[in-house]
Amino acid sequence: MGFLQEIKRDWRAVFERDPAARNALEVLITYPGLHAIFMHRISHALWKRRIPFIPRLFSHITRFFTGIEIHPGAEIGPGFFIDHGMGVVIGETTEIGEDCLLYQGVTLGGTGKDVGKRHPTLGNNVVVGTGAKILGPIRIGDYVKIGANSVVLKPAPDYSIVVGIPGRIIKKKIVRIEERGPVESLNHVRLPDPVEERLDEIMEYIARLETKIEKLEGKGGIMKVFNTMSGRKEDFSPLVRGRVGIYACGVTVYDYCHIGHARSAIVFDVIKRYLRYKGFDVTYVRNFTDIDDKIIRRAHEEQTTWDAVARKYIEEYYTDMDRLGVARADVEPKATEHIREMIEVIRALIEKGYAYESAENGNKSVYFSVESFPEYGKLSRKEQKDLLAGARVDVEEKKKNPSDFALWKASKEGEPWWESPWGKGRPGWHIECTAMAIKHLGQSIDIHGGGADLIFPHHENEIAQSEAYTGKMFAKYWIHNGFITIDKEKMSKSLGNFFTIREILDTYDPEVVRLFILSSHYRSPIEFSHEQLRDAEASLDRYYSTRARIDECLSSITCSPPKAPKSTVPAAELEAVLTAFEERFDEAMDDDFNTALAVGHLFELIRETNKFLDTKPFGEAAQMLVERAQDALHSAGDVLNLFHRTPAQWNIDLLKNKKISLTETEIEQKIHERKTARQAKDWALADSIRKELEEKGILLEDRKDGITSWKVKIA
């Protein structure tokens, strides 16, 4: 190959290897690795012609300006790329094959004991990590990966990995896709660190011992989580003791959210809250998909830009979630802010043979080869052969197999695009979550969740691409909430059988919607009905009525005892219920976050508290018992994010939701008029006012202390 052809190959290698290489001028001016290689091509040509002095002078000048020292005698093949090249040293008798990559601080040196051939020989497609040293006249085979800071003193065979000091050879078989089909080769991208692996084993062993000690000492209950991957409940044990990383797939922001979106958001909000209540340090990540076909279509419909659509519906999402009491996640990444990370993952998948390029629309798309990942289907329990037989392919897509899925989509006319090694395009849906989850939570996470409709294909595809990329388990626990159905069909925008959150909140209080969702186990389907929403509304009203009674009781409990107390329910009964509740609430939540059972225990406590209040309790012991009931209700409410208003505020908010044409001031005025009528013994007028208010949805209650309270009538 001639000098110019080699230079062209080196130039192309920059753009193929480095996603940050954005334009030719920038590369030409700011890439010292390219400068060093160009100067070496010249000095090496002079060296081969045995021209004295000048080749070494060129080498020293290049080192001065680039920090890279390449002896002019070194033989370097085309497509060579030095990334961040400061401190690279390449000795005189070094031989480097085609398409090799070196990072900063690499030394290809001699040992001082050899004569003649003193430096290493690198095969084709070798990658040498930062700070690695390859010493002596040894051969490094094709497609070898040398880990950062490794010291390599022995030859390495083709398709191997070398890590550590001294270098240790590791081989791992994978399936690579070539033109002739799948072939068995070795994983030369993932670089296992022996020290890290041993430390991980020790940490896992310590965690197991600590769990056993806790069981022996009887400290705390063992949480159980239903893992979609195994299809059963498992003991919950995070990857790092005391810390939990959660990634929940968020919404595609092209429209207002429906009640199904509310369920998923509320479920994972409560899971996060309960884990923190249990003392875990939780990092919760929930993403936004802010580029998608649906967003592009909506932009065309609204005659605006795709990013304006995304911004609009992100704000609308926050409006809905704030009303529902769904707290912000700790990290809320957007897909378009992680394009570079996605490109990095896709490039690695191509290098490892899990993905392939396909020319489309003048650019290239990239597809993941499902056949290259033998475990594909393990989450959804689908057989690969069935997927291949049943899959369909768009006529515009050029896949090798119908079940392969897009990692990168070639740009189409009128669509947004980003520059990439494959030309203009945009990421596929599935790669977004892999890139964002790994960036913010690491290569293995504790909990990955979302709606049951995401199990296949989205989460199945996430597992394939993530585990192919890292070689590690992607998520330890997979949690999926069930659907909200209408007439036993899943509620969805595609079916047109949905209610938006704001449509529901136009009639019902947000707390009603939250309780409605939490009154069912998160994995069970919920049949949407106004009857169930009204039941949840009545339950909340029962809580706030009890809360009002508790407040009244605590304000008068130390006064004189009633003249003729009724026969009482013994305080011991409420105390027993309280003690049981404090255990049963946690037991319910420990059992796969069973909010339905926890809510049942909560309203059992409310019922028993009301029975105790009916006895007109008196004295310090009774006060302490009522306060304990109040605290228990508050504590449970904090976990579920319920019951944060006063009874008065609950009634005022109900006025708005029920669209009752009375203000609080007008109601109080009517109560005053009725009181005046009663004092004048005008019973007919007093009854008339009561009836008038009731017809408008307001119920009056005359207390024995002479005060009349009011509440909104619950249908």
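For the sequence shown, counting from 1, position 397 maps to 399 in our numbering; every step adds exactly one.
Glycine residues also receive a C-beta, built at the ideal position from the N, C-alpha and C atoms.
Proximity to Asp309 across Tyr320, Val284, Ala337 and Ala329 peaks at Ala337, based on C-alpha coordinates. Here DSSP, grouped into helix, strand and coil, assigns Thr321 to helix. For the pair Asn659 and Tyr510, the Cα-to-Cα distance works out to about 6 Å.
Sixteen is the threshold: when 16 or more other Cβ atoms of the shown chains lie within 10 Å of the Cβ of Ser61, as they do, the residue is buried.
Listed in chain order, the non-local C-beta contacts of Val108 below 6 Å within the same chain comprise Val90, Val130 and Ala134, local neighbours out to five positions each way being set aside. In the DSSP annotation of this structure, Asp704 is not part of any alpha helix (DSSP H); the continuous beta strand (DSSP E) holding it starts and ends at Ile700 to Asp704.
Sixteen is the threshold: when 16 or more other Cβ atoms of the shown chains lie within 10 Å of the Cβ of His432, as they do, the residue is buried.
Under the criterion of beta carbons closer than 8 Å, Ala454 and Tyr356 do not qualify as touching, at roughly 27 Å.
In this structure, Leu326 sits near Pro512, with a CB-CB distance shorter than 8 Å.
Less than 8 Å divides the Cβ of Ile136 from the Cβ of Leu110. In this structure, Asp592 places its C-beta atom within 8 Å of the C-beta atom of Lys226. By the 16-neighbour rule on beta-carbons within 10 angstroms, Arg692 is buried.
DSSP, reduced to helix, strand and coil, places Ser61 within a helical segment of the structure shown. The three-state reading of DSSP puts Arg170 in strand, counting E and B together. Assigned with DSSP and collapsed to three states, Pro429 falls in strand. Cβ-Cβ distances below 8 Å link Glu584 to Ala634 in the same chain, with the five nearest sequence neighbours on each side left out; the list follows chain order.
Taken through DSSP and simplified to helix, strand or coil, Ser637 comes out as helix. With respect to Lys366, Ala437 sits apart: the two C-beta atoms are not nearer than 8 Å. Of the residues assessed, Lys661 falls on the exposed side of the cut-off, its CB having fewer than 16 other CB atoms within 10 angstroms. DSSP places His46 in the uninterrupted alpha helix (DSSP H) bounded by Pro34 to Lys50.
Of the other Cβ atoms in all chains shown, 16 or more fall within 10 Å of the Cβ of Glu100; this residue is therefore buried.
In this structure, the straight-line span from the alpha carbon of Gly4 to that of Ile92 is close to 22 Å.
Look at Ser367 here: in three-state DSSP terms it is strand.
Scanning the stretch 256-315 from its first residue to its last, the whole alpha helix (DSSP H) runs of 4-plus residues come out as 261-279 and 295-304. Secondary structure at Ile465: helix, using DSSP grouped into helix, strand and coil.
Listed in chain order, the non-local C-beta contacts of Trp49 below 7 Å within the same chain comprise Pro57, Pro74 and Gly75, local neighbours out to five positions each way being set aside. Counting the other CB atoms within 10 Å of its CB gives Gly364 a total below 16, which places it among the exposed residues. Straight-line measurement puts the Cα of Lys698 at about 12 Å from the Cα of Lys672. Residue pairing by DSSP places His86 opposite no residue, since no beta bridge is assigned to it.
Counting the other CB atoms within 10 Å of its CB gives Lys156 a total below 16, which places it among the exposed residues.
Judged by DSSP in its simplified three-state form, Tyr105 adopts strand. Assignment of beta-bridge partners to Asp237 by DSSP yields Lys226.
Between Phe83 and Pro423 the beta-carbon gap is near 13 Å, outside 8 Å, which marks them as no contact. Here Leu656 is actually not in contact with Leu664; their C-beta atoms are around 11 Å apart, not less than 8 Å.
In this structure, Gly87 is the residue among Gly87, Tyr258 and Glu28 with its C-alpha nearest to the C-alpha of Ile39. With contacts defined as CB atoms closer than 8 Å, Tyr545 and Phe645 qualify as a contacting pair.
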